[in-house]
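A.B. asks:
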Ligand SMILES: Cc1ncc(C[n+]2csc(CCOP(=O)(O)OP(=O)(O)O)c2C)c(N)n1
Ligand SMILES: Cc1ncc(C[n+]2csc(CCOP(=O)(O)OP(=O)(O)O)c2C)c(N)n1
Ligand code: SF4
Ligand code: SF4
Ligand SMILES: [Mg+2]
Ligand SMILES: [Mg+2]
C-alpha cells in the first residue's frame, strides 16, 4: 500500500509549529490510505478557520467554502454523486458556532458523510476569541472577564439529535484516532468525530498536557448503542471520555431516501434527464 | 384583578377557526394577568408565521421581527433593559428551523426570558410544508413521499444544551398550561415552553384528538432536576410527556453576567455614559 | 377603452374557502371549451378568512393581462365586496347571496343576482361545493358545453371518487342558474377552435417546467411566498425526472447546497423571495469567487423585511444586482411573458453552466400567479453540459484568455478539482500571491465581455419612429403593451427588457432616439431607471411607479401613460 | 519625489514573531520622543510564519500616509526580504543577520548592516527579545533619548514585571548598535516640540473611541478580520463605560441583537466585514421597515467570499448601498482621516437615532490598521437621545409630515411600542390596507429629504480653479492629497467624500467645472464612479483602480495621476 498517496509536495503550511492540526492531517492521511480510498474519489469540504485549511494539505478534490457552511455543501455533493467519499472537516467555531444550524439539521438528514471537527476550544484564525466549546472562565481579548456561556458539548447535542455515529478523539493520539476516523468513514450515515486539538498559540489552558490529564478511553465493555448511557457518558466533565460514544442502529441515509435514486443509482451528472418532459408538458394541455 | 387587562378591541385575527393558537393566546393572557404583569412592562417578541402573529392580539409592547430571529432580539431587549418582562414566542419552524442556531446559543446564554413555541409540527403560514418537528411519514406538497428526516425533539435538545427550564404543554389544556407558563415566566433564566398545538388547516395527522391520545402528564413524583432521567423522559415517543421536564439548579443569567450591570442596575437608556471618556482619550497620549 | 372583445370575471371569497379550486377547475374548463383566457389572483397573508380574489378575463383573441373593469363579480361570502367597490360600476353584474352584498351595493347602485352559493351547496351536502356551484354558474352564463365541464370535474376529482357525484350535482345546479341569466351579459366572447389544445400554465409552472427543460436535477430551498410553488412543482416531479429536492433548514443552507451540487456535477436551482435572498448574499459571493454556476429564482414581493408577503412588487432588482460582497460577474433575467419564464429558465441553466456565474431570474407574485393559454412551447434540444472530463494535472482556474477556464467535476476524469472561497491560484489552492490576485480577478471579470456577446436585446413594440419611448422590465410586459395599443398613438413605442444585466448596449441608442422617455416599474424608487442611468448616463425622469402591492391594470396603465404623454 | 523631510522604516518578520509589539512600543516611543509618524502594516492570513511587515514613516511635519520608498529595512528572520525586493534600492539600508538576506541582496546590490537580532536576543535570554533589540536599534539610529524608550518599555511591561529587566537589556544592546550606524542614515527628521502630547491611535481605536463618544452602550458582533478590533476595544472598555458587549453566534444574531437593543433604548453597534455584512441584509431591511436605528461598522477587505482576509479593498460600497430587500433609506459614511473615524462614528450614532435609519460606516483594513499622531480630538457635548417618553395612545408610526415619527421605547412612558417587520399601520400593527402601504412607504422614503438637509459636503483640496479634478472616498484621502501636493500642479484639485450616501447635491457642479475628472478607488470596478454616474449622469472615465489587496503608496499614486493627466 502506498503510504504517501495523499502527500503534497512543496506546500507552505500556514499552521503554527507544534499545533495539533499537523497530527490530525497525518491521522487523516493514514486513515484514508488504510481504507484504500483514491484521492480522485474523495472530496474534502471545509469552512474557514485554521482547521479549515486542511484540504489544501493533502491530495484530494476539495471544496474550501464559507465559514460555517461546510455541511450543506458536503451533503449536496454526496447527494449529487453518492459514489464519492465525502468528508466535512473544520474547526469548532465553524461547525458549532456560525454553522450551528447546519450541524443540527445535517444530523437529522443523516447523509453518508464524515464530519471531523478540530476542536481547539478557541477561534484560532481570528486570534483567540472564545468558541462555543471554550470552557467557563477562559480569558480572551473579547471575553475579558472570562467565558460565562455554557460550553457547547458536541457529543450530548449530537446524541440528542439522534446522530448515527458520535465519537471523540485526541489529536495527540495517532493510533487510536486513526482507528476511529476509519470507522467513522466506513460508517453508513452521518458520523461525527470531534477531535480535541491543542492550539499552541491561543489556548494556553487546554494544552497537550491538559488534555492528557483530562481524557480517558472508554473500555471494551462500553456499549455505544445504549443512548441514555451514551448521553450520560458524553456529559462527563471531570475527565473527557474518548472513543465511539454512540452509534445507533442501522438508519437509512439521506441519499437512500432520495427518490432520485430509487430506480437509478447513477450520479446526477451522468444522466439523460429529459425523457419525460413531453409528457409533463402535455399535462398542461389536458 | 382585571381579567381583561390584555384584551384588544376590534381586531381581525388572521387565524383559522378552531386553531390551537386561540387558546394559547387565552392561556398567555391568563398567565400574565395572574402574575400581575403590566402591559407596559412586557415585551412580546416574535418571528414570522401564524404563531408569530400573537403579539398583535394582546395589549403589549411588541417586536414582531424576522422569521427565525426572535431570540437574539429578545435577548438584547432584556440585556438593554432587565426591568422588562420579555417573552419570545413563535412557531416551531421559526424557532427550530430558520432560528435553530439562535435557539441553541440562546440556551447557552441563559437570558432571563421565556421562550414559548407553538409546535404544530408544520409550517402553517406558508401552507403546510414539513417543519423540523414534523413526524416521519407526514405528507406535504414538498415532502411528497412523506417526511424522512429525524424529527427535532426540542426537549432533548434543550436538555443537551443545559437549558435551565424545559417544559412541554398542550394547547388544549388551559389550566395546566397556564400554570406551567406562569412558572416559566417566574423562572430566573431561559425557560422553554414547547406547546403542542393542533393546526386544523395543514396538519390532519396531529389533531386535537391525536394529541389527546398521545400525551400524558408527569406525576408529582417526577423530579425535573435529574438531568439523565429528564433526557430519557424527554425522548419518549409513544406517549408524549407533559409538564416541567427539566429544571436546573440556580444558574446565573446572561444579564447577571454582564459587566455593564456589575455596579449599576439602571437600564441602559437611562444612563449618562460619557464620564470616563476623557480618561480613555488620555490613554492615547501616554 | 379596451378594444378587445372580452369579459372580465372576478371571484371574491375568503382564504381557505376553496378559491384555488375554482381557479384550477374553471380556468382549465374554459380553455378546454376553447376560450382565450387570462387569470390572476391577489390574496392576503392568512390561511382562513379575510378577502381574496381571482380575476379571469376571457376573450376571442389572446389576452394576457389584468384589467380593472369587472363585468361579472361572484361574491361567495360576507365581506367579499368592500375591497372591490372602487372597481364596480352600474354595469357590473354581481352574483351573490343578496344579503351578503345588499348594504354595500345600495350606494354603488349595482345589479345583484341572488344566488346563494353556500345554501345551494349545503343542500347538496357541504358548504365547500359552493365553489363548484360558482364554476357551474359561470359555465352556464358563458354557454360552455356542460359535458366539457362535467368531464373535467370528474377528472379533477378522480383521486377522491366520493366527491365526484356531489360536485357534478353542484355543477349542474350552478349551470342551471347560470343559463337563466345568460341574457344579462351583453357580450360574451366566442370559443375559438384550436385553443383547447393550448397549454395553460401559470408563471410558477412555466418556471418549474423551464428548469426541468434546462436540466435542473437538484433543488434546495426554504419555503417563502411567492417562490414556494417552484419548490413544490419540482418536488412533485422529483421521482419522474430524478431530481434531488430538499427543503433546507434555512436559505443559507439552501444556496450552499445548490453550490455544492453544481460543484459535483448537478444542475441546481434555488427558489426564494427577497427576504430569503437577502440571506444568500454570502453564498452568491462564494459562487462568484469559486466560479461555480448557480441558478436562483427570485420571486419578488413587497418589502422591506416581511413587508406584504403575498403581494407583488419589482423591488429587489438592485438587491439582485449588488448582493454579495466583493466584485464578480452575474446575469439577471426577468421574464415578461409566461413563455419567457419557460425559455429563460432553460437559458439560465445554460448560461450559468457556460459562464460559471450566478444567474438570477427575477419574477414576482403577479407573474408566478398569473395564467394564460399559450399555443405551444418547444421542447429543448439534447442537453449540453459544459463541464469537462479532467486530465491528471487539471487546473480548475487555468488562466486562459477569455477567462472561461474549463470546469471539471470531482470523480469525472483523472484530475483533482479544488475550489476555494479564499483567493486562489490556478489550481484552486489558497494563495497570498498578490500579483496572482490581480490575474485571477481579471480572469473573473473578463467573463463579462464574453457574456456581453450573448445578451438578448430588449424588444421594441410599437412604431419604430417613436417620439415617446416607454421602458419596462419583467412582469409588466403585457400590461404596458396592451395599454399602449389601446392608446393607439403612432409616435409611441415600448422597449421591454427580459435580460436585465449586463444591460444591452443598444439601450442608449434607443433612449436617445426618443423625445420623451417614460420608465414604468412596480416599485417606489425606479430601480431599473437608476440602473439605466448608471450605465448610460441618461435620466429617465418620467416615472410611472406603483408600490401598493398590486400589479398595474390596463386601464390604470393607460391613464398613467396618457398623463406622462401630456406632461412636459 | 516626496517633498517632505522624512525617513521610511520597514520591519519585516514572520507572523507570531512579535511585530505587533514592535509596532505598539516603537510607535509610542517615537511619538513620546516628539516625532511625527505614520505607521501601517500588511499581514498574511495566518498565525505563524509567512511574512508580515510594519511600515513606519517619521517626519518633521505631520504625515499620514504610506510611501513605497524604504530607507531602513529591518529583517528579523529568513524569508523576510523576497516580498520587498521591488521596493529596495541601493539607498536602502538593510539591517539584518547577514546570512538571512545575503543571497537575495546580491542581485539587489543593497547595503547590509549585520545585526543578528535573534542571536543578541537569545544571549539575553529568549529569541522574543529580538523585537526589543530592533526597537533599540531604531531608537539609536534616530537618536531618541534612551530614557524615553526605557521608561516606556517599563510601562509597557508593567504587568509582566519579570520581563522588564531583560527587555531593558535588549533595548540597550540595540541602542548601542543603532548609535554605531547613525551616520549611515543621511537625513533624519528632528523631534518637534508638543508632539509628545499628541494622541496616537489607529483607525480601529478611533472608531471605537468615536462609538463610545457617540454613546454606544451595546455591541453584538461576530469576529471577522479586519473588523474585530472594534469589538475587542469595546469589550475592553465594557466595564468602564457600562457597555453590553456580546460575541454573537453568527452575524445574523449580531444584527438582530443590535436592532433589539436599539428598540429597547440602547445605542448599539455592529462591527463586521464584507462576508459578515452579506449575511446581515435581511436584518438591515428589518431596521429599514421598523425604522429602528442601527450603526454598522463595515471594515472592508478584498472579496469575493473569503477573498484575502487580512488585506485591504474598497470593494463593498455597492453592497452597503443596496443590501437588504425592499426600499428604505440609509446613510453611508466613510472616514478619510483617522480623526474622521472618531467624529463620524459619533455622528453615525446621532444620525441613526435622529433619522431612525441604518448608518453604515465603511472603513477598510488599511484604515483600521494605520496610525498617525493627532494634536487632539474634542470631547462631545452632552449626549442627546432622540427617543421620547410615550403617552397613553402612542403611535409608533404616526404619519407626521416629515416622516420622522417620534420614537418611543418600551417601559418609558405610558404608551405601548409596537414594531413589525410586516407592513404596518400607524400603531405598528400588521396590516393589509394597501392604501396605507403607500402612505407608510412614502413616510419612510420622505426621511431621505430630511437627511439631505444635513449631508456633509465633500471636501475640495487644491486649486479652486482646477481643470482636472481627482475624486476619491474613504481611506484614500491622505494618499491622494499628498500625491497631488507632490505633483504640485496649479490646475489640479481633489474632491474627497467622507459622506457617501445620500450623495451631496454639489457633486455635479464640481464635476462639471472640470475639463478632466479622475476617479480613484481601491477596487476593480469603480463602484463610487458608478454611483456618481447613477446620481449625476456623469461618467468619470479616467479611473485609477488598485485591487491587489494593498493600499496605494504615495509614489504609485503620483505616477498614476501623472499618467491620467497625460491621457486624453
Ligand atoms: C461569515 C464569516 N464570519 C466570520 C469570519 C471570520 N472567521 C474566520 S475563521 C473564524 C473562526 C475560526 O475558528 P474555528 O472554526 O474554531 O477554527 P480554528 O481557526 O480555531 O481552527 C472566524 C470567526 C468569516 N470568515 N466569515
Ligand atoms: C427568511 C424567511 N424565510 C422564509 C419565510 C417564509 N415563512 C414565513 S412563516 C414560515 C414558516 C412558518 O412556520 P412556523 O414557524 O412553524 O409557524 P406557523 O405558521 O406554523 O405557526 C416561513 C417559512 C420568511 N418569512 N422569511
Ligand atoms: S492558531 Fe492555534 S489552531 Fe491555528 S495553527 Fe496556530 S496553534 Fe494551530
Ligand atoms: S394554518 Fe394552522 S396554525 Fe395557522 S391559524 Fe390555521 S390552523 Fe392555526
Ligand atoms: Mg477552533
Ligand atoms: Mg408551525
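Protein chains in written order, with this note's numbering: chain B, 1 to 286; chain G, 287 to 572; chain V, 573 to 1140; chain R, 1141 to 1708.
Using N, Cα and C, we set each Cβ at its ideal position, and we do this for glycine too.
Every value quoted in this text rests on a predicted model; they were computed, and no experiment measured them.
1. I'd like the list of long-range same chain contacts for residue 463 (chain G), defined as Cβ closer than 6 Å, with 5 residues on each side in sequence excluded.
2. What are the start and end residues of the beta strand (DSSP E) that includes residue 323 (chain B)?
3. Mind listing which residues of the stretch 1425-1450 of chain R have their C-beta closer than 8 Å to chain V's C-betas, in chain order?
4. Is there a Cβ of chain G sitting closer than 8 Å to that of residue 935 (chain V), yes or no?
5. Tell me whether residue 349 (chain G) sits in a helix, a strand or coil according to DSSP, three-state version.
6. Got a sec? Which residues, its chain only, sit under 6 Å from residue 1125 (chain V) by beta carbon, not counting five neighbours each side?
7. Applying the criterion that 16 or more other CB atoms from any shown protein chain within 10 Å of the CB defines a buried residue, is residue 1054 (chain V) buried or exposed?
8. What residues in the stretch 152-186 of chain B bring their beta carbon closer than 8 Å to a beta carbon of chain V?
9. So for residue 558 (chain G), helix, strand or coil by DSSP?
10. Could you give the residue range of the beta strand (DSSP E) that holds residue 819 (chain V)?
11. Assess contact between the stretch 681-697 of chain V and the stretch 552-568 of chain G, defined as three or more Cβ pairs (one per stretch) separated by less than 8 Å. Is contact present?
12. Rounded C-beta distance between residue 1343 (chain R) and residue 1503 (chain R)? I'm assuming under 8 Å.
13. Give every residue of the same chain whose Cβ lies closer than 8 Å to the Cβ of residue 1339 (chain R), excluding the five residues on either side of it in the sequence, and list them in chain order.
14. Is residue 1462 (chain R) close to chain V, meaning its C-beta is less than 8 Å from at least one C-beta of that chain?
15. Under the criterion of a Cβ to heavy atom distance below 7 Å, does residue 1362 (chain R) qualify as lining ligand 5?
16. Taking C-alpha atoms, which residue in V:1013, V:709, V:951 lies nearest to residue 898 (chain V)?
17. Starting from residue 1439 (chain R), trace the beta strand (DSSP E) in both directions and tell me its first and last residue.
18. For residue 1201 (chain V), tell me which candidate among R:1429, R:1443, R:1420 has the shortest Cα-Cα distance.
19. In the DSSP assignment, find the unbroken beta strand (DSSP E) run with residue 644 (chain V) in it and report its ends.
20. Nearest chain V C-beta to residue 1680 (chain R) closer than 8 Å, yes or no?
21. What residues in its chain sit with their C-beta under 6 Å from that of residue 865 (chain V), if we drop five residues either side in the sequence?
22. Excluding five sequence neighbours on each side, which residues of the same chain lie with their C-beta closer than 6 Å to the C-beta of residue 704 (chain V)?
23. Checking 8 Å against the spacing of the C-beta atoms, do residue 1091 (chain V) and residue 1043 (chain V) come in under that value?
24. Which residue comes first and which comes last in the beta strand (DSSP E) that contains residue 254 (chain B)?
25. Compute the beta-carbon to beta-carbon distance between residue 290 (chain B) and residue 195 (chain B), rounded to the nearest angstrom, for a pair I have assumed lies under 8 Å.
26. Using a Cβ-Cβ cutoff of less than 7 Å, which residues in the same chain neighbour residue 1157 (chain R) once the five nearest sequence positions on both sides are dropped?
27. How long is the line joining the alpha carbons of residue 989 (chain V) and residue 963 (chain V), rounded to whole angstroms?
28. Please say whether residue 470 (chain G) and residue 519 (chain G) have beta carbons closer to each other than 8 Å?
29. Since residue 984 (chain V) meets chain B, which of its residues come closer than 7 Å, beta carbon to beta carbon?
30. Starting from residue 573 (chain G), follow the alpha helix (DSSP H) in both directions and report where the run begins and ends.
31. For ligand 4, any of its heavy atoms closer than 7 Å to the Cβ of residue 719 (chain V)?
32. In chain R, what lies closer than 9 Å to residue 1017 (chain V) by C-beta?
33. Pick helix, strand or coil for residue 547 (chain G), following the three-state DSSP scheme.
34. Would you be able to state if there are at least three C-beta pairs under 8 Å between the stretch 1074-1091 of chain V and the stretch 1113-1120 of chain V?
C.D. replies: Taking the definition as stated:
1. Answer for residue 463 (chain G): 313, 455, listed in chain order.
2. The requested residue 323 (chain B) is not part of the displayed model; chain B covers only 1 to 286.
3. Correct list: 1425, 1426, 1428, 1429, 1430, 1442, 1443, 1444, 1445, 1446, 1447, 1448, 1449.
4. By the rule that beta-carbons nearer than 8 Å mark a contact, residue 935 (chain V) does not touch chain G.
5. Correct three-state label for residue 349 (chain G): strand.
6. Excluding the 5 residues flanking it on each side, residue 1125 (chain V) has same chain C-beta neighbours closer than 6 Å at 638, 639, 640, in chain order.
7. Residue 1054 (chain V) is buried by the Cβ-count criterion.
8. So the list is empty, because no residue satisfies the distance condition.
9. Three-state result, residue 558 (chain G): coil.
10. From DSSP, the beta strand (DSSP E) with residue 819 (chain V) extends over 816-819.
11. Here the stretch 681-697 of chain V does not lie against the stretch 552-568 of chain G, with fewer than 3 beta-carbon pairs under 8 Å apart.
12. Cβ-Cβ separation between residue 1343 (chain R) and residue 1503 (chain R): approximately 6 Å, consistent with a contact (criterion under 8 Å).
13. Closer than 8 Å at Cβ, skipping near neighbours: 1513, 1514, 1515, 1516, 1517.
14. Any Cβ of chain V closer than 8 Å to the Cβ of residue 1462 (chain R) would place that residue at the interface, and such an atom is present.
15. Placement of the Cβ of residue 1362 (chain R) at a distance of 7 Å or more from every heavy atom of ligand 5 is found.
16. Relative to the Cα of residue 898 (chain V), the nearest Cα in the group V:1013, V:709, V:951 belongs to V:1013.
17. Per DSSP, residue 1439 (chain R) belongs to the beta strand (DSSP E) from 1434-1440.
18. Chain V is shown only over 573 to 1140; residue 1201 (chain V) falls outside these bounds and no answer can be derived.
19. Per DSSP, the unbroken beta strand (DSSP E) holding residue 644 (chain V) starts and ends at 644-647.
20. No - not a single Cβ of chain V is within 8 Å of the one on residue 1680 (chain R).
21. Closer than 6 Å at Cβ, skipping near neighbours: 834, 924, 925, 928.
22. Result list for residue 704 (chain V): 739, 742, 743, in chain order.
23. Against a cut-off of 8 Å, the Cβ pair of residue 1043 (chain V) and residue 1091 (chain V) comes out as a contact.
24. Taken as a continuous stretch (DSSP letters only), residue 254 (chain B) belongs to no beta strand (DSSP E), being part of the alpha helix (DSSP H) at 254-257.
25. An answer regarding residue 290 (chain B) cannot be provided, because it is not within the stretch 1 to 286 covered by chain B.
26. 1216, 1217.
27. Using only the alpha carbons, I get a separation of about 10 Å.
28. Going by C-beta atoms, residue 519 (chain G) is not nearer than 8 Å to residue 470 (chain G).
29. The answer, in chain order, is 269.
30. One cannot answer for residue 573 (chain G) here, as it falls past the ends of chain G, which runs 287 to 572.
31. In this structure, residue 719 (chain V) has its beta carbon at no less than 7 Å from each heavy atom of ligand 4.
32. Here the neighbours are 1664, 1665.
33. Looking at residue 547 (chain G) - three-state DSSP - the assignment turns out to be helix.
34. Flag = yes, the stretch 1113-1120 of chain V and the stretch 1074-1091 of chain V touch.
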